[in-house]
Amino acid sequence: MYKLTVQQVDRRLSFRGIEPSRLRNKPHTLQYDWDKMCYFDQTRWACGFWRWGHFRQQCNKEYRMGETCGLKLVYETKEQEDVCKLCHDIEKKQRRYDKMYRDVQRWQREGGRPATVERTCADMEDVLEQIARMREDHRQRTAHLG
Numbered sequence: 002m003y004k005l006t007v008q009q010v011d012r013r014l015s016f017r018g019i020e021p022s023r024l025r026n027k028p029h030t031l032q033y034d035w036d037k038m039c040y041f042d043q044t045r046w047a048c049g050f051w052r053w054g055h056f057r058q059q060c061n062k063e064y065r066m067g068e069t070c071g072l073k074l075v076y077e078t079k080e081q082e083d084v085c086k087l088c089h090d091i092e093k094k095q096r097r098y099d100k101m102y103r104d105v106q107r108w109q110r111e112g113g114r115p116a117t118v119e120r121t122c123a124d125m126e127d128v129l130e131q132i133a134r135m136r137e138d139h140r141q142r143t144a145h146l147g
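Residue numbering for the sequence shown is 2 to 147, as defined by the working numbering.
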């Protein structure tokens, strides 16, 4: 059995999404049997995005093979030097938007393509919305880590 401070418990529980403020009325040192929890690997990219990895250790609460108790704790964090796939996808969309912008500028200078310019401008708005959604998804995921 380990003795952990409230801050250590908060950090471990926050990975699961459990509100640490529920523990504020407890003593400053909590005793908790961390052997009775399920542990998973975690992958964290340079941009702050993270995901759960493979199951590593099963707790005593769950007796069925392959099942977990529902509380995920980090067994090991694997740091990746590159940014996540979502960041790569955002970069691709941004390059696509930039190319559309340059094309519209060129077509307006050359003249004679009003329908193409109009259609491309509508496509640019769609791409901007997609980029905004992807950035918001990324921001929400990284905000959970602290």
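Don't be surprised by glycine CBs; every beta carbon is placed ideally from N, CA and C.
Subject >> Residues near T44 by beta carbon distance below 7 Å, same chain, minus five either side >> reply: A distance below 7 Å between beta-carbons, with the five flanking residues on each side excluded, links T44 to the following residues of its chain, in chain order: W51, R52, G54, K79 and Q81.
Original post:
Buried or exposed: which applies to C39, given that a residue is buried once 16 or more other Cβ atoms fall within 10 Å of its Cβ?
Top reply: Answer is buried; the Cβ neighbour count reaches 16.
**OP:** Taking only the alpha-carbon atoms, compute the straight-line gap between R103 and H145 and give it to the nearest angstrom.
**Re:** Straight-line Cα distance between these residues: approximately 37 Å.
**OP:** For H89, name the three-state secondary structure that DSSP assigns.
**Re:** Correct three-state label for H89: helix.
Original post:
If we ignore side chains and look at the alpha-carbon of each, how far apart do H29 and C88 end up?
Top reply: Below a pLDDT of 50, predicted positions are generally treated as unreliable, and H29, at 42, falls in that range; the measurement from the model is reported next regardless. Approximately 40 Å between the Cα atoms of the pair.
Subject >> Extent of the continuous alpha helix (DSSP H) run through H139 >> reply: For H139, the uninterrupted alpha helix (DSSP H) run begins and ends at P115 to A144, by DSSP.
Original post:
For Q43, which three-state DSSP category applies?
Top reply: In this structure, Q43 counts as strand in the three-state DSSP scheme.
Original post:
In whole angstroms, what is the alpha-carbon distance linking D127 and Q59?
Top reply: In this structure, the alpha-carbon of D127 lies about 45 Å from that of Q59.
Original post:
In terms of DSSP beta bridges, what is E80 paired with?
Top reply: Bridge partners of E80: R45.
**OP:** Tell me whether E137 is buried or exposed, calling it buried when 16 or more other Cβ atoms sit within 10 Å of its Cβ.
**Re:** E137 is exposed by the Cβ-count criterion.
Original post:
What's the call for C85, buried or exposed, on a 16-neighbour Cβ count within 10 Å?
Top reply: Classified as buried, C85 has 16 or more neighbouring CB atoms from the shown chains inside 10 Å of its CB.
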